[in-house]
Each structure stands twice: as C-alpha cells, then as structure tokens.
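**Student:** Protein chains in written order, with this note's numbering: chain C, -7 to 415; chain V, 578 to 799. Yeah, the Cβ is synthetic: ideal placement off N, Cα and C, and Gly gets one too. Below you'll find the structure I mean.
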Amino acid sequence: MKIIIMAWRNIWRTPWRSLVVIGAMSLGVWSGIFMMGWINGLNDQRTISMLDDNVGHGRICSKDFLEKPEVFSTINNLEALSNRLVADSNVTTFSSRVICNSMIQAGSGSAPIIAYGVNPNNEKKVFKSVQNISSGEFLKGQVGDEVVLGEALARKLEVDIDDRVVLTFQDINGDVRSALFWLVGIYDGASSMIEESIIYVPSKTISFQMGLIDSIELSNESQIIAHEINYRVKNPYEIGKANNALESSFLKNRNSESQSIVFRTWKEVSPDLGVADAILSQSLLLFMMIILLAMSFGILNTMLMAILERTRELGMLMAIGMNKKKIFKLIVSETILLSFVGLPFGLFLGHISLLVTSKTGITLKSVEQGFEQMGLEATVYPSVVPEYYLPIVGLVLILSFLSSIYPAIKALKLNPIESMRVL
Amino acid sequence: MSLIRLENLNKIYASQAGNVHAINNISSDFKAGEFTSIVGPSGCGKTTLLNAIGGLDKPNSGKIWIDNTDITSMGDKVLIDFRLRNIGFVFQAYNLIPVLTALENTTFILELQGAEKKVRNERGMELLKAVGLEDKANSRPNQLSGGQQQRVAVARALASRPRFVLADEPTANLDSKSTETLLDIMAELNSKEGTTFIFSTHDQRVIDRARRIICLEDGLIK
C-alpha cells in the first residue's frame, strides 16, 4: 500500500515536470486516437463508397456460376430466395442481375464489357452508381431496347444520348447473337475502369436475347431469372453475421436436389476492401505504438532525472532496510502512475473529439477535387474507435513498464554509503 | 554477554595518496543497554566504524558478531533484512522521507517489516508522544524544524524495537536547545526501553551524557 502512495506522492514532488510528462502523454494519446479515428473514418468512407457504388454488402449466386460464369448457370429458385431475403430482418433491400459478357460496338469502335441486366427500380435501391446519371436517364423498366453506359466508355466509343450501340454475346445454346440498343443514359461511376467495363440493360430484354426466357416470360411482370443477387444489410460491418444467418436459414429449407448456392460477403466479393480493413487495424496500432514509444523515452528521461535527484534518499531507504524488490516496485510504480495519469485524459479528449467530429465532419477544401475523382466526399467523418482503447491501455502499460526498467536498475545499483555520502 | 563484538576489524580505503587505514585492527564489545559515544576528530574513522557495525560497509578483514551472528559473512540480501529487523539508524542529515508524514516516517520500518496498520500506528503515536511530537503526526518533514525532524528520525529508528541504534553525529545540525531535548529523549528511551545507543560524535554535550566513551584516533582505539 505504502509503496503505491509513496510513488504517487513522489510524482508530485516536482509537479511541473510531472505535468509536462502527463500533458505530453495526454496529447500523444489524444492525437494518436484522433488520427486512428480519422484514418478509420476515411477508410470507412472509401469502403462504404465502394460498397454503395458497385460491390454491395452481400452477393448470392450459384456455385456453378462462381466457378465458371456460363450463361446457363442461373439461380434456379430465384423466387424462393427472394422471399427469404424479404423475410430476413437484416436485409434492407436487394436486386437481381442477369450478367452478359459482351462486345459493344458503336460507329467509332468496339470494346469488351459486362452488361448487367437489371430491374432499374431494385438496382437503384442497392447501388448508388446507377443514381449518378450525368446525362439522359436510367433505364425505365425490365423490358426495352435501352442501354446506359459509363462516361468513359461513351467517350471512348464517341456515342451520346439517342445513339445506337450493338451488343454481341453468346446465348444459352452457345450461338453468337447481336442485339441493338439505344443509349438513354450515361452514368458517372466510381472509377473510369468501372465506367469502361460495366453497362446496364433491362433484365428481361437481355434474358430473352440470351435465350434464358421465352416471349411469354418476357411479358411476365416478376423477374424470374438471374445470375446473381446483390443485397444490402443494416450494418455492412456485420455482414458476416447477417450472411451466416441468411445462409443457415436457406440451408435449413433446402432439399437434397436443391442447387448449391453461395452466399458471399463484400469482403469475399471484393477481397481488396477486406484486406485493406485488416491491414489498417494493424497499421493504426503500429502507428500508436510509435507515438507511445516516443513518449516512453520522455518518461524514461524523467525517471532517470528523478533517480539522480533522489540518490541520497534511495541510499537511505536501502540503509534502513528497504530491499531491492521494494525499491524496484517503487520506481516501476512511479513510472506506470506517471504514464497512467495522462492516459485517461488522452483517451477522454480523443473520444470527445471523435464524437464531435464524427457528427460534424471535417471538410478538406484543399483536396476536394482529388477526393471527388476517387469517388470520395471531401467531408470526412472520423469514426469513434472504442475497440482500440483497450489495446492502447495495454500498450501504455507495457511501454511504461519497459521504460521503468532502466531507471529501476540504476536505482538498484546504488550503494547506500556512497549514495548518502555519510551515514 | 556482548550484544556486539568486534574482532580485529580493518578497513582500508585506496586513494591516490596511498592506502588509508580507516579502521586499524579494532576489537571491542558493546553490551545491551549501553549508551556509548565513539568520539574523535574528523577523519578518525568514527563513521567508518559505525557503517561497518551497521552492515553498510564491509571490513577488509575481521569479524563483527551481533548476537553471535557474524554479519561480515552475510550476503547483501540477507544483510538488508538483518538491518531492517535489528538495527535502527539516525543520520546526521535526518534523512526522513519527504513525501511521508511524521507518523508515516515513524512507522515506515514497521511497514517494511509487514506489521499491521493498527499496531504500526499505535507504536508510531507512542513514540511521537515520547519525542514530544504527537501534535505533528500529520506534518511532512518540510513543515518541521531541524530538531523536530531529528526527533522523528529517532522515533523511526526505535519504532521496530531494534537490538541497537546507530546514530552518526545526530546533533551536528541542531542548536543547543534541540540537542538537549534530543539527548533527553534518547537517554529516557535508553533507560525505559533498554535500547542500546551507539553514537559517533565530537559534540561535547553528547560526550557528557554518554555512559561509555570510545576514543578513536587514526583508526585506532586509544
């Protein structure tokens, strides 16, 4: 008990020096946490933007289609699966797609593309890219000879609204077919790569052209065929849980003859986004460790000064019978207490700053244009990062303990007689 | 029977001018309950002798027996614990712990020994009363005068009822009145509690109160 009390009181023998160390620790932790929240917020923004734009939160397709995306590898039981998605409380909305690998031709050239046959109303609910129409309008329905291209592709093919384009693709029998479409809209995608490779056509029309449905089914209102379903959930960061629930609910109701369906999270659909998330967590902790490491050198220096100033007193403590274990404990306690006084202030300030700025956001006027080109908003909303607080406390504990070892060893090497000069 | 027995004690310091024989083949006995002053001019070896008896400094040769235990053969770890349980120290410069109150300073050694708080505080207050400082129990050293600090140091040295107290020039920094008060207190504790006191001093007032005087000159007992 007394060791801790002594350690605490010793800290305040030189209040200004201790306050400087405590202040530095608070500022270090504060800036570290704020930076973590900021980078996390920026990454969240980038991730959400990618998910909203063209990845979605989760994706369902047949196992065959995932292994080899053939025209005929459609989802067999689309209606049952759709009903399950509607019933799932985690799923907020979904959209089915027919996927057609094609060659697009226009007056001035051609390009390989992927045509998404979509129900425009559903697609708009899942993806934002189809809402960013820079010219013309998006598709009106599931039937019609309309097509929507990305800005980059339109520029490349030198086509504009009301121009004709021809899609050439394989049908279900493996025969090559061509179909004429009229350009009704041009979208502004997240990147020029997406704009150049993705086009949108009405789902039923392209399904009919590919031979997936007949003319009777073409006039049917509901979508009856799809290669994949994209869906959104309430919290994209809990997609794993939602996906598992969905999959187990599906598996429970399937029979032995049912088709194998694959449920993938956005991390599986777009592994680069998932990996970026994992790398970021590690990097942020490493970043914090570097800040705290720098701080611990300051603490070490302060403790060495304290030992130097208290040489006589430490010698006296040893002389009257305080053993080395207790001297070591005293120095370590002082160092850890010194570090830990600043820690809660830093955590509190960091938490409050993130709470406020996560609501207000911080606008980066100087890089606004660059951000927009990357499909990001110039206002960044830092995220509150409570999941890092415990690791930070652990890091401070470990580093302050490590920084106390050298001063403690110096103290233990003192000779009582020499330290006191006289008995 | 002797409480402390010194046998052919030698302590030599090496210096640029050559070896200095700080203690030169000293042999002596100290009985329990003694009130002894080791006197002599500066540099005669008083402090070196006290350091050796207190186990703070190892002699080059010779033996120091305390209650028939040879402390010169003890390792550092054992010696620290031996000091804690058997020897009380009073230093010239008081050497109280600045962050502890008078009571906490007094009971510090008892705490190191693992005594219970109630026992510690009772003994601490008893001693502070004995040295006339019960009203200063909660004062820090910087709130006390030099004389008061030295009285707390005496209380601290006696708190654990050590076998003997070593006091190195305890009155060197005190005025006459404080010196008299301190000597009265130590004499009273010596007679009441039977505590053995060994002083090093060249203060005539201390020498006058001692019941035994050992004169040192150039490391030799005269």
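Rounded to whole angstroms, what is the Cα-Cα separation between N596 (chain V) and W8 (chain C)?
**Tutor:** Within the second sequence, the letter at position 19 stands for residue 596 (chain V). Within the first sequence, the letter at position 16 stands for residue 8 (chain C). Using only the alpha carbons, I get a separation of about 46 Å.
**Student:** Identify each residue in the stretch 309 to 322 of chain C for which the Cβ-Cβ distance to at least one residue of chain V is less than 9 Å, and report them in chain order.
**Tutor:** L309, M310, A311, I312, G313, M314, N315, K316 and K318
**Student:** Rounding to the nearest angstrom, what Cα-Cα distance links G342 (chain C) and V385 (chain C) in this structure?
**Tutor:** Mapped onto the first sequence, residue 342 (chain C) falls at position 350. Mapped onto the first sequence, residue 385 (chain C) falls at position 393. Near 13 Å, if we compare the C-alpha coordinates of V385 (chain C) and G342 (chain C).
**Student:** Going by alpha carbons, who is nearest to K120 (chain C) out of C:A182, C:E129, C:P263 and C:P374?
**Tutor:** The sequence position of residue 120 (chain C) within the first sequence is 128, counting from 1. Out of C:A182, C:E129, C:P263 and C:P374, C:A182 has the C-alpha closest to the C-alpha of K120 (chain C).
**Student:** Between which two residues does the alpha helix (DSSP H) holding E688 (chain V) run?
**Tutor:** Position 111 of the second sequence, counted from the start, is the residue given in the question as residue 688 (chain V). In the DSSP assignment, E688 (chain V) falls within the alpha helix (DSSP H) that extends over A679 to Q690.
**Student:** Once the 5 residues before and after W642 (chain V) are set aside, which same chain residues still bring their CB inside 6 Å of it?
**Tutor:** On the second sequence, residue 642 (chain V) is found 65 positions in, with the first residue counted as 1. Closer than 6 Å at the Cβ level, and outside the excluded window around W642 (chain V), lie R582.
**Student:** For V655 (chain V), return the contacting residues in chain C, with the cut-off set at a CB-CB distance below 8 Å.
**Tutor:** Position 78 of the second sequence holds residue 655 (chain V). Those do not exist, as V655 (chain V) stays about 10 Å from chain C at its closest Cβ, beyond 8 Å.
**Student:** Whose Cβ in chain C lies nearer than 8 Å to the Cβ of R660 (chain V)?
**Tutor:** Here residue 660 (chain V) refers to the residue found at position 83 of the second sequence. In chain order: A311, I312 and G313.
**Student:** Between which residues of its own chain and R789 (chain V) is the CB-CB distance below 8 Å, once the five residues before and five after are set aside?
**Tutor:** Residue mapping note: residue 789 (chain V) aligns to position 212 of the second sequence, counting from 1. So the qualifying residues of the chain are E611, F612, T613 and S614.
**Student:** Taking contact to mean 3 or more Cβ pairs, one atom from each stretch, closer than 8 Å, check whether the stretch 176 to 196 of chain C and the stretch 142 to 161 of chain C are in contact.
**Tutor:** yes
**Student:** Considering only residues of the same chain and omitting the five flanking positions on each side of G307 (chain C), which have a CB-CB separation below 8 Å?
**Tutor:** One-based indexing of the first sequence puts residue 307 (chain C) at position 315. For G307 (chain C), where only same-chain residues beyond five positions count, the Cβ hits under 8 Å are L406, N407, P408, I409, E410, S411 and M412.
**Student:** Across which residues does DSSP place C92 (chain C) in a beta bridge pair?
**Tutor:** Here the question's residue 92 (chain C) lines up with position 100 in the first sequence. Answer is C:A107.
**Student:** Does any CB atom of chain V fall closer than 8 Å to the CB of E305 (chain C)?
**Tutor:** Residue 305 (chain C) sits at position 313 when you count from the first residue of the first sequence. Yes, E305 (chain C) counts as interfacial toward chain V.
**Student:** Mapping DSSP to helix, strand and coil, what is A98 (chain C)?
**Tutor:** The residue given as residue 98 (chain C) occupies position 106 in the first sequence. In this structure, A98 (chain C) counts as strand in the three-state DSSP scheme.
**Student:** Considering only C-alpha positions, which residue in the set V:Q593, V:L661, V:N715 and V:V731 is nearest to D761 (chain V)?
**Tutor:** The sequence position of residue 761 (chain V) within the second sequence is 184, counting from 1. Checking every option, the nearest Cα to that of D761 (chain V) belongs to V:V731.
**Student:** Please list the terminal residues of the continuous beta strand (DSSP E) segment that includes F289 (chain C).
**Tutor:** Counted from its first residue, the first sequence places residue 289 (chain C) at position 297. First-last for F289 (chain C): P263 to E301, but that is the alpha helix (DSSP H), not the beta strand (DSSP E).
**Student:** Listed in chain order, which residues of the stretch 285 to 303 of chain C have Cβ atoms closer than 8 Å to some Cβ of chain V?
**Tutor:** none
**Student:** Please return the same chain residues whose Cβ sits closer than 7 Å to the Cβ of A714 (chain V), not counting the five positions on each side in sequence.
**Tutor:** Here the question's residue 714 (chain V) lines up with position 137 in the second sequence. Taken in chain order, the residues that qualify are T678, A679, L680, M702 and L705.
**Student:** By a C-beta neighbour count over all protein chains shown, 10 Å radius and 16 as the cutoff for buried, is D653 (chain V) buried or exposed?
**Tutor:** Stepping through the second sequence from its first residue, residue 653 (chain V) is reached at position 76. The residue is exposed, with fewer than 16 neighbouring Cβ atoms inside 10 Å.
**Student:** Which two residues bound the contiguous alpha helix (DSSP H) that contains R1 (chain C)?
**Tutor:** Here residue 1 (chain C) corresponds to residue number 9 of the first sequence, with the count starting at 1. K(-6) to I3 is the extent of the alpha helix (DSSP H) around R1 (chain C).
**Student:** Can at least three beta-carbon pairs, one atom from the stretch 322 to 336 of chain C and one from the stretch 285 to 304 of chain C, be found at a separation below 8 Å?
**Tutor:** yes
**Student:** Name the residue from V:K754, V:F607 and V:I686 whose alpha carbon lies nearest to the alpha carbon of I312 (chain C).
**Tutor:** Here residue 312 (chain C) is taken as the residue at index 320 of the first sequence, counted from 1. Selected option, being the one with the closest Cα: V:I686.
**Student:** Assess contact between the stretch 22 to 35 of chain C and the stretch 193 to 200 of chain C, defined as three or more Cβ pairs (one per stretch) separated by less than 8 Å. Is contact present?
**Tutor:** no
**Student:** So which residues on chain V does P399 (chain C) lean against when the C-beta distance must stay under 8 Å?
**Tutor:** By 1-based counting over the first sequence, the position of residue 399 (chain C) is 407. Near P399 (chain C) there are no residues of chain V at all, since even the closest Cβ is about 18 Å away, more than 8 Å.
**Student:** Please decide whether I409 (chain C) counts as near chain V, where near means a Cβ-Cβ distance under 8 Å.
**Tutor:** To locate residue 409 (chain C), count along the first sequence from 1; it is residue 417. Yes, its Cβ sits closer than 8 Å to a Cβ of chain V.
**Student:** What does K(-6) (chain C) touch in chain V if you count any residue whose Cβ is under 7 Å from its own?
**Tutor:** As a working mapping, residue -6 (chain C) is identified with position 2 in the first sequence. Here the neighbours are E688.
**Student:** Classify T624 (chain V) as buried or exposed, calling it buried when 16 or more other Cβ atoms lie within 10 Å of its own Cβ.
**Tutor:** Walking along the second sequence from the start, residue 624 (chain V) turns up at place 47. Classification for T624 (chain V): buried.
**Student:** Rounded to whole angstroms, what's the CA-CA distance from E746 (chain V) to E765 (chain V)? Just pull it up for me.
**Tutor:** As a working note, residue 746 (chain V) is residue 169 in the second sequence. As a working note, residue 765 (chain V) is residue 188 in the second sequence. Between E746 (chain V) and E765 (chain V), the C-alpha separation is close to 19 Å.
**Student:** Of all the CB atoms in chain V, is at least one closer than 8 Å to the CB of R5 (chain C)?
**Tutor:** Residue 5 (chain C) sits at position 13 when you count from the first residue of the first sequence. At least one chain V Cβ lies under 8 Å of R5 (chain C).
**Student:** How would you write the range of the beta strand (DSSP E) that L710 (chain V) sits in, first residue to last?
**Tutor:** Here residue 710 (chain V) is taken as the residue at index 133 of the second sequence, counted from 1. Looking at the DSSP string, L710 (chain V) is not in any beta strand (DSSP E), and its letter there is neither H nor E.
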